[in-house]
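If you read the sequences in order, they're chains A and B.
If you're matching positions, the first sequence starts at 1 in UniProt numbering and goes up one per residue.
If you're matching positions, the second sequence starts at 1 in UniProt numbering and goes up one per residue.
Notes follow the structure.
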Amino acid sequence: MSAAEEVVAEGHEAVEAVPKRAMTLGTGTSLVVLAALLIAPVFVKNFIIFQMTMLLIYGLAVLALNILTGGSGQFSLGQSAFYAVGAYTTAVLMEHFNVNYALTLPIAGVVCFGFGFLFGQPALRLSGVYLALATFALATAMPQLLKLNFLEHWTGGVQGLVVTKPDAPFGLPMSQDMWLYYFTLVVVIAIYIFSVNLLRSRSGRAFMAIRDNEIAASAMGVDVALYKTLAFGVSAAITGIAGSLGAIAVQFVAPDSYTITLAISLFLGMVVGGVGWLPGSIVGAAFIIFVPNIAEGISKGLSGAVFGVLLFLVIYLVPHGARQVAIMGQQLAGRLRKN
Amino acid sequence: MELFTNQVLAGIATGAIYACMALAVVMIYQAIDHLNFAQGEMAMFSTFISWQLMQWGVPYWAAFILTLALSFVAGIAIERILFKPLAKAPVLTNVAGFIALFAIINSSAGLIWDFTIKQYPTPFGSAPFLGSQLISTHQAGMIGVTVLLLLGLYFFFQYTRIGLAMRAAASVPESARLVGINTSWMIALGWGMATAIGAIAGMLIAPVVFLEPNMMGGVLIYGFAAAVLGGLTSPFGAVVGGFLVGIFENLAGTYIPGVGNELKLPIALALIISVLVVKPAGLFGRHIVKRV
Numbered sequence: 001m002s003a004a005e006e007v008v009a010e011g012h013e014a015v016e017a018v019p020k021r022a023m024t025l026g027t028g029t030s031l032v033v034l035a036a037l038l039i040a041p042v043f044v045k046n047f048i049i050f051q052m053t054m055l056l057i058y059g060l061a062v063l064a065l066n067i068l069t070g071g072s073g074q075f076s077l078g079q080s081a082f083y084a085v086g087a088y089t090t091a092v093l094m095e096h097f098n099v100n101y102a103l104t105l106p107i108a109g110v111v112c113f114g115f116g117f118l119f120g121q122p123a124l125r126l127s128g129v130y131l132a133l134a135t136f137a138l139a140t141a142m143p144q145l146l147k148l149n150f151l152e153h154w155t156g157g158v159q160g161l162v163v164t165k166p167d168a169p170f171g172l173p174m175s176q177d178m179w180l181y182y183f184t185l186v187v188v189i190a191i192y193i194f195s196v197n198l199l200r201s202r203s204g205r206a207f208m209a210i211r212d213n214e215i216a217a218s219a220m221g222v223d224v225a226l227y228k229t230l231a232f233g234v235s236a237a238i239t240g241i242a243g244s245l246g247a248i249a250v251q252f253v254a255p256d257s258y259t260i261t262l263a264i265s266l267f268l269g270m271v272v273g274g275v276g277w278l279p280g281s282i283v284g285a286a287f288i289i290f291v292p293n294i295a296e297g298i299s300k301g302l303s304g305a306v307f308g309v310l311l312f313l314v315i316y317l318v319p320h321g322a323r324q325v326a327i328m329g330q331q332l333a334g335r336l337r338k339n
Numbered sequence: 001m002e003l004f005t006n007q008v009l010a011g012i013a014t015g016a017i018y019a020c021m022a023l024a025v026v027m028i029y030q031a032i033d034h035l036n037f038a039q040g041e042m043a044m045f046s047t048f049i050s051w052q053l054m055q056w057g058v059p060y061w062a063a064f065i066l067t068l069a070l071s072f073v074a075g076i077a078i079e080r081i082l083f084k085p086l087a088k089a090p091v092l093t094n095v096a097g098f099i100a101l102f103a104i105i106n107s108s109a110g111l112i113w114d115f116t117i118k119q120y121p122t123p124f125g126s127a128p129f130l131g132s133q134l135i136s137t138h139q140a141g142m143i144g145v146t147v148l149l150l151l152g153l154y155f156f157f158q159y160t161r162i163g164l165a166m167r168a169a170a171s172v173p174e175s176a177r178l179v180g181i182n183t184s185w186m187i188a189l190g191w192g193m194a195t196a197i198g199a200i201a202g203m204l205i206a207p208v209v210f211l212e213p214n215m216m217g218g219v220l221i222y223g224f225a226a227a228v229l230g231g232l233t234s235p236f237g238a239v240v241g242g243f244l245v246g247i248f249e250n251l252a253g254t255y256i257p258g259v260g261n262e263l264k265l266p267i268a269l270a271l272i273i274s275v276l277v278v279k280p281a282g283l284f285g286r287h288i289v290k291r292v
């Protein structure tokens, strides 16, 4: 039995191996998607622009989870905590210190990176369900911590904080929503390019080596502890930036917006988008934003059940998420080209 | 000291709830190697069925047995219909399936029986147990049932052919198949048993937390925590873990200043994680040695 077969036989790999080239889109497709994202807001109403902004923001948060789980093989149910820290950093900086909203993003990123990196330390010894429980604990603790009395002066306690929505700069003839959309789009694209490059770099290969086989990775000289915590840090930082953008877009932060439900949604988004496939994040985000609404539209009383059934349908048809659809599309295109 | 013993006793009483749930969690984990997030909702639905039976005039113990049988069948049906097709799908997709099942059951129960809180009868009565104000006869009965259940499971897994086959199918499926065990049905059987144990847990818990579609939310979290603390591979560990979590929770609420009801859960979880950092496979879990 060769080494590779034995690992499969052991069956403890939580995340399947995705080769790094399969993690991204081709240049042509990327440009088409980019063009669509750039032009779309011109034709739609403000509310839809707001929804598209939220789509990008959730997409970013799902992307962050994808780097952690799809990239380094660590499972997290605690993403909502990082999202909350990012959102609160921005809200507190903007409302108490009058910091410009754009400047709060990198600060939130750095704060969350530190938080994630530190959280990654005790989480190092845990894996699989044990890590899931640890991150889950973080997610359930976060809303309670934000409500603590001695933080109330800064966080506004249960009431939360109201965040002012920024106007378009330089007198650009744009609504606030549209400006925020383009602002978010720029941030998201920058982070997407960063993530793609990260996964192609030495660190990215180290993440994937750890995901595929921790023992083999450490035997090859990968500093497992460092890269695992680093993956947590990077994922937390990106989630935090998504949280900041979310706070600005929704104009409001409150402890109960960042419960475990959010973390579960992000997890579902990752599965639906395809674990380890970065472009799928946006598909996953679309699923978690729109499908609950569709479910509510079908039946008010049974919206949860309809949502569950729809989710089941998706995972039956495409157990590997949107990635599978993309691969099938690619094969189909290849066959058509041959004919 | 008086306060301490009282809090420990109260902790054991609530711990019995968690132990029951943790036992169901471990059972299904043994059979399918995943944590079933819908376990609590399945238990809640079973409890509602027994309640409905009692509303129709069925006596308690008859309803109890009927519910167990129904839950067992339902568990097998859920596995055959919903999760067997996902057997080859990635683990995380299965987890998404559990979340979907959770949403479906929770929402259906809400529609059928609505969200108002219902009283649920207890067969043990609720008088103080042996003169102690902290443990009622119901809670004592619950602890008794949990211990009996644990013993029963121990004998089932240790001394029956089918128990052995189930353990084999869970730990080394390939080899189990080679010696002629139908591993696919062993998984279904595991689901059935876990659902039935969940039903017992639900029916014992309902008189304490009252019956409503969201009754299992908190209990399941503690149940998971207990199962993980005790080690997911050990039913005995799950029960011990359940009692420990109950005691932890009560002591944290009493002795750490500033901890109200709100912070009880995070602190209990933080304690559990500290234990896990020292013993990553749980207190009684088997260490899985990985090969390259």
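Built from N, CA and C at the ideal position, the CB exists for glycine as well.
If you're wondering where the values come from, they're calculated on a predicted model, not measured in any experiment.
**OP:** From the DSSP output, in three-state form, read off A/V275 for me.
**Re:** coil
Subject >> C-beta atoms of B/A165 and B/I181 nearer than 8 Å >> reply: yes
Original post:
From what residue to what residue does the alpha helix (DSSP H) around B/W185 run?
Top reply: T183 to V209
**OP:** Determine the closest residue to B/I99 out of A/I282, A/G301 and A/I260, with distance taken between C-alpha atoms.
**Re:** A/I260
**OP:** Determine, using beta carbons only, whether B/G198 and B/G11 come nearer to each other than 8 Å.
**Re:** no
Original post:
For A/F207, which option in A/T27, A/V42 and A/S72 has the closest C-alpha, if you only look at C-alpha atoms?
Top reply: A/S72
Original post:
Based on the DSSP secondary-structure assignment, which residues constitute the bridge partners of B/F157?
Top reply: Partner(s): none; B/F157 has no beta bridge.
Original post:
Given a threshold of 16 other Cβ atoms within 10 Å of its Cβ, counted over all protein chains shown, does A/L172 qualify as buried or as exposed?
Top reply: exposed
Subject >> Helix, strand or coil at A/V253 according to DSSP, with G and I counted as helix >> reply: strand
Original post:
Any C-beta of chain B sitting closer than 8 Å to the C-beta of A/I107?
Top reply: no
Subject >> Contact residues within the region 82 to 109 of chain B, judged by C-beta distance below 9 Å to chain A >> reply: L82, P85, L86, K88, A89, P90, V91, L92, T93, N94, V95, A96, G97, I99, A100, L101, F102, A103, I104, I105, N106, S107 and S108
**OP:** Output the distance between the C-alpha atoms of B/I200 and B/G230, rounded to the nearest integer angstrom.
**Re:** 20 Å
Original post:
Since B/L271 contacts B/F248 with CB under 8 Å, what's their CB separation in whole angstroms?
Top reply: 5 Å
**OP:** With a floor of 4 residues, list each alpha helix (DSSP H) that falls wholly inside the region 20 to 69 of chain B, ordered by position along the chain.
**Re:** 39 to 55
Subject >> Of the residues B/S108, B/M216 and B/G163, the one placed nearest A/G304, counting alpha carbons only >> reply: B/S108
Subject >> Beta-carbon gap between A/V186 and A/I67 smaller than 8 Å >> reply: no
**OP:** Give the residues of chain A in contact with B/A270, contact being defined as C-beta atoms less than 8 Å apart.
**Re:** A137 and A141
Subject >> Spatial distance of A/A91 from A/C112 (CA atoms) >> reply: 14 Å
Original post:
For B/E79, does the count of other Cβ atoms within 10 angstroms reach 16, so buried, or fall short, so exposed?
Top reply: buried
Original post:
In chain B, which residues lie less than 9 Å from A/R125 when you measure between Cβ atoms?
Top reply: L276, V277, V278 and P280
**OP:** Pick helix, strand or coil for A/M1, following the three-state DSSP scheme.
**Re:** Model confidence at A/M1 stands at a pLDDT of 31, short of 50, so the residue's coordinates are unreliable; what they give is reported in the following sentence. A/M1 falls in the coil class under three-state DSSP.
Original post:
With which residues is A/V162 paired in a DSSP beta bridge?
Top reply: A/F252
Original post:
Could you give the residue range of the alpha helix (DSSP H) that holds B/N106?
Top reply: V91 to W113
Original post:
Per DSSP, B/S136 forms a beta bridge with which residues?
Top reply: B/P128
Subject >> Those residues which DSSP pairs with B/K118 across a bridge >> reply: B/L211
**OP:** Please report the residue range of the alpha helix (DSSP H) in which B/F224 lies.
**Re:** M216 to G230
Subject >> Per-residue DSSP class, three states only, for A/F307 >> reply: helix
Original post:
Taking 8 Å as the CB-CB cut-off, is B/G237 touching chain A?
Top reply: no
Subject >> Straight-line gap, A/G321 to B/A206 (C-alpha atoms, nearest Å) >> reply: 38 Å
**OP:** Give the straight-line distance between the Cα atoms of A/V8 and A/L198, rounded to the nearest whole angstrom.
**Re:** Confidence at A/V8 is low in this model, with a pLDDT of 35, below 50, so the placement of that residue is unreliable and no value is reported for it.
Original post:
Are the C-beta atoms of A/G301 and some chain B residue less than 8 Å apart?
Top reply: yes
Original post:
In its own chain, which residues sit with a C-beta less than 6 Å from the C-beta of A/A168, not counting the 5 before and 5 after it?
Top reply: M174 and W179
Subject >> Sequence-distant residues of its chain with Cβ nearer than 7 Å to A/L262 (five each side left out) >> reply: S80 and Y83
Subject >> Coarse secondary structure for A/P41, derived from DSSP in three states >> reply: helix
Original post:
If you measure beta-carbon to beta-carbon, which residues of the region 265 to 297 of chain A are closer than 7 Å to chain B?
Top reply: L268, V271 and V275
**OP:** Could you list which residues in chain B have their beta carbon closer than 9 Å to that of A/Y181, in chain order?
**Re:** Chain B residues near A/Y181: none, gap ~29 Å exceeds 9 Å.
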